[in-house]
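Be aware that the sequence shown starts at 1, since it is given in full-length UniProt numbering, and climbs by one per residue.
Beta carbons are placed, not taken as given, at the ideal position from N, Cα and C, and that holds for glycine.
To start, the structure under review is shown below, and the notes come after it.
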Amino acid sequence: MAKNLLIVESPAKAKTINKYLGKDFHVLASYGHVRDLVPKEGAVDPERGFAMRYELIDKNEKHVDAIAKAAKAADHLYLATDPDREGEAISWHIAEILKERGLLKDRTLERVVFTEITPRAIKEAMAKPRAIASDLVDAQQARRALDYLVGFNLSPVLWRKVQRGLSAGRVQSPALRMIVEREEEIEAFIAREYWTIEAECAHPSQAFTAKLTKLDGKKFEQFTVTDGDTAESARKRIATAANGVLQVTDVASKERKRRPSPPFTTSTLQQEASRKLGFTTKRTMQVAQKLYEGVSIGEEGTVGLISYMRTDSVSLSAEALNELRDVIARDFGTKALPDKPNVYQTKSKNAQEAHEAVRPTSALRTPSQVSRYLSDDERRLYELIWKRAVASQMVPATLNTVSVDLAAGGEHSFRASGTTVVDPGFLAVYEEGKDQKNDDDDEGRKLPAMKPGDRIPLDRIHTDQHFTQPPPRFTEAALVKTLEEYGIGRPSTYSSIIQTLLFRKYVEMEGRSFRPSDVGRAVSKFLSGHFTRYVDYDFTAKMEDDLDAVSRGEEEWVPLMEKFWGPFKELVSEKTESVDRSEATGARELGNDPKSGKPVSVRLGRYGPYAQIGDKDTDEKLEFASLRPGQSMHTITLADALELFRLPRKLGESGGEEVSVGIGRFGPFAKRGSVYASLKKEDDPYTIDLARAVFLIEEKEEIARNRIIKAFPDSDIQVLNGRFGPYISDGKLNGKIPKDREPASLTFEEVTRLLEETGKPARKGFGAKKAAAKKAAPAKKAAEAKPKAAKKAATKTAPAKKAAKKTTAKKAAAKKTAAKKTAKKSATKAPAKRVPLYDHPEPAKSLLTTNAGPNVGVKRVIKKAKDEAPF
Numbered sequence: 001m002a003k004n005l006l007i008v009e010s011p012a013k014a015k016t017i018n019k020y021l022g023k024d025f026h027v028l029a030s031y032g033h034v035r036d037l038v039p040k041e042g043a044v045d046p047e048r049g050f051a052m053r054y055e056l057i058d059k060n061e062k063h064v065d066a067i068a069k070a071a072k073a074a075d076h077l078y079l080a081t082d083p084d085r086e087g088e089a090i091s092w093h094i095a096e097i098l099k100e101r102g103l104l105k106d107r108t109l110e111r112v113v114f115t116e117i118t119p120r121a122i123k124e125a126m127a128k129p130r131a132i133a134s135d136l137v138d139a140q141q142a143r144r145a146l147d148y149l150v151g152f153n154l155s156p157v158l159w160r161k162v163q164r165g166l167s168a169g170r171v172q173s174p175a176l177r178m179i180v181e182r183e184e185e186i187e188a189f190i191a192r193e194y195w196t197i198e199a200e201c202a203h204p205s206q207a208f209t210a211k212l213t214k215l216d217g218k219k220f221e222q223f224t225v226t227d228g229d230t231a232e233s234a235r236k237r238i239a240t241a242a243n244g245v246l247q248v249t250d251v252a253s254k255e256r257k258r259r260p261s262p263p264f265t266t267s268t269l270q271q272e273a274s275r276k277l278g279f280t281t282k283r284t285m286q287v288a289q290k291l292y293e294g295v296s297i298g299e300e301g302t303v304g305l306i307s308y309m310r311t312d313s314v315s316l317s318a319e320a321l322n323e324l325r326d327v328i329a330r331d332f333g334t335k336a337l338p339d340k341p342n343v344y345q346t347k348s349k350n351a352q353e354a355h356e357a358v359r360p361t362s363a364l365r366t367p368s369q370v371s372r373y374l375s376d377d378e379r380r381l382y383e384l385i386w387k388r389a390v391a392s393q394m395v396p397a398t399l400n401t402v403s404v405d406l407a408a409g410g411e412h413s414f415r416a417s418g419t420t421v422v423d424p425g426f427l428a429v430y431e432e433g434k435d436q437k438n439d440d441d442d443e444g445r446k447l448p449a450m451k452p453g454d455r456i457p458l459d460r461i462h463t464d465q466h467f468t469q470p471p472p473r474f475t476e477a478a479l480v481k482t483l484e485e486y487g488i489g490r491p492s493t494y495s496s497i498i499q500t501l502l503f504r505k506y507v508e509m510e511g512r513s514f515r516p517s518d519v520g521r522a523v524s525k526f527l528s529g530h531f532t533r534y535v536d537y538d539f540t541a542k543m544e545d546d547l548d549a550v551s552r553g554e555e556e557w558v559p560l561m562e563k564f565w566g567p568f569k570e571l572v573s574e575k576t577e578s579v580d581r582s583e584a585t586g587a588r589e590l591g592n593d594p595k596s597g598k599p600v601s602v603r604l605g606r607y608g609p610y611a612q613i614g615d616k617d618t619d620e621k622l623e624f625a626s627l628r629p630g631q632s633m634h635t636i637t638l639a640d641a642l643e644l645f646r647l648p649r650k651l652g653e654s655g656g657e658e659v660s661v662g663i664g665r666f667g668p669f670a671k672r673g674s675v676y677a678s679l680k681k682e683d684d685p686y687t688i689d690l691a692r693a694v695f696l697i698e699e700k701e702e703i704a705r706n707r708i709i710k711a712f713p714d715s716d717i718q719v720l721n722g723r724f725g726p727y728i729s730d731g732k733l734n735g736k737i738p739k740d741r742e743p744a745s746l747t748f749e750e751v752t753r754l755l756e757e758t759g760k761p762a763r764k765g766f767g768a769k770k771a772a773a774k775k776a777a778p779a780k781k782a783a784e785a786k787p788k789a790a791k792k793a794a795t796k797t798a799p800a801k802k803a804a805k806k807t808t809a810k811k812a813a814a815k816k817t818a819a820k821k822t823a824k825k826s827a828t829k830a831p832a833k834r835v836p837l838y839d840h841p842e843p844a845k846s847l848l849t850t851n852a853g854p855n856v857g858v859k860r861v862i863k864k865a866k867d868e869a870p871f
């Protein structure tokens, strides 16, 4: 066993580093975090100095045991987790676990940091070990405690006031607020009409267009002309004045320099990969992680291709700069090389946590040389990082901008502009992407040579109608950029913030942009209205600054927590009691129903947004209908809401029975008699016709006729065709059929045994008809067979019997406890009256009832109940 144990986070990194360090080292992976806060209230105790209770993460327990076992045989322990706060905290947790197990006695333990996975970098890092940085650990602990306290205290308020299952995060909430506020801007936006006027010039050497800049002796601005008649009148006046010719009055030429962008930080890498490659932040970080940890590149073996990808820094090491300059001189000539390296200043106040920008570990490894060893995603991202780093150390591009003024008579004038590249400089390698195309960007447009006094033939003058556009929704790149500008979160957290918003369904992707859901808007409105300070951009950014100060050792973390906790806890308690739920969910009154005169409103219920006819305080009966996909309770009109109450629709008759369509809790369906059939994805319950509905119903009936493969006399057991193939069912249990067995040839004894051995409780609505209570003989046989099988197994291995008894006892105890809880709950809560609306016995569908929640999409009536809101 090796005398030196080195611990990293990922197995890929462990494999690479093990090759570099040799046989004297044993390299193991922790597989990320090894401990986390216990997932229940009280894990952070504000009354005891914010003491934190940790437990091993189940999936990583075996990796911790492997580390502990290897530590026993080692003399020297090295913690080489990632070079950021999270990595420092993982090292601290591993050290604490080893200390608790008494494995640090008579052993040295040191911290080493690898900012790139290359032989040189690892050798240098191993020569400079240090102690665990307690300030970084404190900063990470404070962040974790803050996030825990916010989540465990604010989320229950959302459950009571908005909807069950919601969560609020310290950083995700301001990010959600940004997206929601942008959507509100878009909805409030009123488009304005305006017209532009352009001249098409027929210069002998090259045609070009020019935009009107002066009309009737006055500057022509965006809203000078706002209707078609005025635009046409102006066009005629200009055409008459020009008389087929425009005269050049001024030619201005100006050279300017454009500097290259700095090498990537985490944030700018995520933004640029989104703009240029179409990557999500999650995808970018996953691919970058692989490039950092190591890729096998032929004879060189496995090597990390980029430096550590979680960084705020734009600086580069002297060695990296020298190599980049060598590559530039070799591939682009010395004229592309500045006299001295380009130096960039970071915007982050805490960039010293990460040592360098994201860069190739060796600029000599060009994208073309390594591309054959990489996946497509890896190749594209590596090329992006390599080009950005190389371009950052090249000379500026020299551009020449020419503007030409052309007069149409004495009262009107046009201007044409063009920008040409005199010396590409860094543009020969890389140009930064843009979020949106700028129509006024004349770069790359070359004008013909002109001088004052030239008369340019005028081909025609045309007018174009435009409307102002609302601000765009946030893309991932734009959101990351804005979060960074406000100082909210840190680059390493942006991906998880976005994933949380999507997972919670607070936002949805519409194309490549974020659109807030009704639930997301309700959460944001509630938090902004009642917890304003804690979703305020400046407050959140200030909290990040305070955490950075802790990481630098300038501030203690416990006083920071105390300053936050007192006011926050007090506000949570106050709002829990004072806020009205209807206000919290953003209910809207749309108008009155023309038929009944009752008010029509939209609300947020247990299963999503729904429309309601009637007022629960004054009306005996209320009607409900869920909103359709794509509709929002914030923009739906009265007419659209009333349209929702057209369901269920009667389509006509077929086979002497009425055919109708409706929407159940699990989706739209067609109904004929007692037969229900789910509509297909392409079917719209509001427009489907009788013929299509009958086809779907008869298709369902055909499937049902062919469902039973084999039945047995005097037994509920059947061999059935299911969605995933043949299976056995008695209505209570579903059992598997061996792959090598023909389902139709199974005997009663075989199906009884298979049901006993593989049976699992049937899902409600699945399987054959429910077994009748009086037909219990097969169940009895199975019960009698069970002890025999158990006895037979027990004769082989006694320990197995003991384990089986223990497991059975545990299961029995668990069932008993669950039964007690259910009984207690039933005793304290009046049973809700369950009135079936539509018996929809589709797979995975249950009966719809009056207490199933409003999102059933069908017309329903409930009795007045002032003491208990129906939803």
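Rounded distance between the beta-carbons of residue j and residue i, thought under 8 Å
i: residue 874; j: ALA357; result: The shown model of the chain, from 1 to 871, leaves out residue 874, and the question about it has no answer.
i: PHE414; j: LEU212; result: 6 Å
i: VAL343; j: ALA363; result: Incorrect: roughly 18 Å between the Cβ atoms, too far for contact.
i: GLU193; j: ALA210; result: Actually they are not in contact, since the Cβ atoms of GLU193 and ALA210 sit about 23 Å apart, beyond 8 Å.
i: THR585; j: ALA677; result: About 34 Å; that fails the 8 Å criterion.
i: ALA125; j: VAL113; result: 6 Å
i: THR281; j: GLN289; result: Not a contact, Cβ separation roughly 13 Å.
i: ASN153; j: LYS732; result: About 43 Å; that fails the 8 Å criterion.
i: ARG310; j: PRO491; result: 7 Å
Straight-line Cα distance separating residue j from residue i
i: LYS13; j: LYS563; result: 40 Å
i: ASP536; j: THR463; result: 46 Å
i: GLU200; j: ARG256; result: 28 Å
i: TYR373; j: MET394; result: 28 Å
i: ARG379; j: ALA711; result: 58 Å
i: GLU183; j: GLN499; result: 19 Å
i: LEU6; j: SER91; result: 11 Å
i: PHE526; j: MET178; result: 14 Å
i: ALA66; j: ALA188; result: 59 Å
i: ALA252; j: SER403; result: 5 Å
i: ARG275; j: ILE709; result: 55 Å
i: GLY520; j: VAL507; result: 6 Å
i: LYS681; j: PHE279; result: 29 Å
i: LEU604; j: ALA175; result: 22 Å
i: LYS616; j: SER601; result: 11 Å
i: ASP423; j: LEU384; result: 22 Å
i: VAL314; j: LYS347; result: 9 Å
i: LEU627; j: PHE666; result: 14 Å
Residue i: first and last residue of the uninterrupted alpha helix (DSSP H) it sits in
i: SER495; result: 491-503
i: GLY87; result: 85-100
i: ARG388; result: 376-392
i: GLN172; result: 172-188
Residue range of the unbroken beta strand (DSSP E) whose run includes residue i
i: PHE695; result: Element bounds for PHE695: not the beta strand (DSSP E) but the alpha helix (DSSP H), 690-705.
i: ALA407; result: 397-408
i: LYS650; result: 649-654
i: VAL659; result: 657-664
i: TYR607; result: Here TYR607 belongs to no beta strand (DSSP E), and DSSP marks it neither H nor E.
i: SER413; result: 412-423
i: MET509; result: 507-510
i: SER551; result: Unbroken run through SER551 is the alpha helix (DSSP H), 537-551; no beta strand (DSSP E).
Cβ of residue i within 8 Å of any chain B Cβ
i: ARG473; result: Given the protein chain composition of this structure (a single chain), no chain B is represented.
(request) Write down every uninterrupted run of the alpha helix (DSSP H) in the segment 273-359 whose length is 4 residues or greater and which is fully enclosed by it, in chain order. (result) Unbroken alpha helix (DSSP H) runs of no fewer than 4 residues, entirely contained in the segment 273-359, are found at 281-293, 318-332, following chain order.
(message) What ranges does the beta strand (DSSP E) occupy inside the segment 441-473, keeping only unbroken runs of at least 3 residues that lie completely in it?
(response) Positions of the beta strand (DSSP E) runs, each at least 3 residues long and wholly inside the segment 441-473, are given as 455-467 in order along the chain.
(message) I want to know whether the segment 636-646 touches the segment 606-617 - three or more CB-CB distances under 8 Å.
(response) yes
(request) Inspect the CB distances between the segment 141-153 and the segment 41-60 and report whether three or more fall short of 8 Å. (result) Contact holds: three or more Cβ-Cβ distances are below 8 Å.
(request) List in chain order: all unbroken alpha helix (DSSP H) runs of 4+ residues lying wholly within the UniProt domain "Toprim" (3-113). (result) 11-21, 61-72, 85-100
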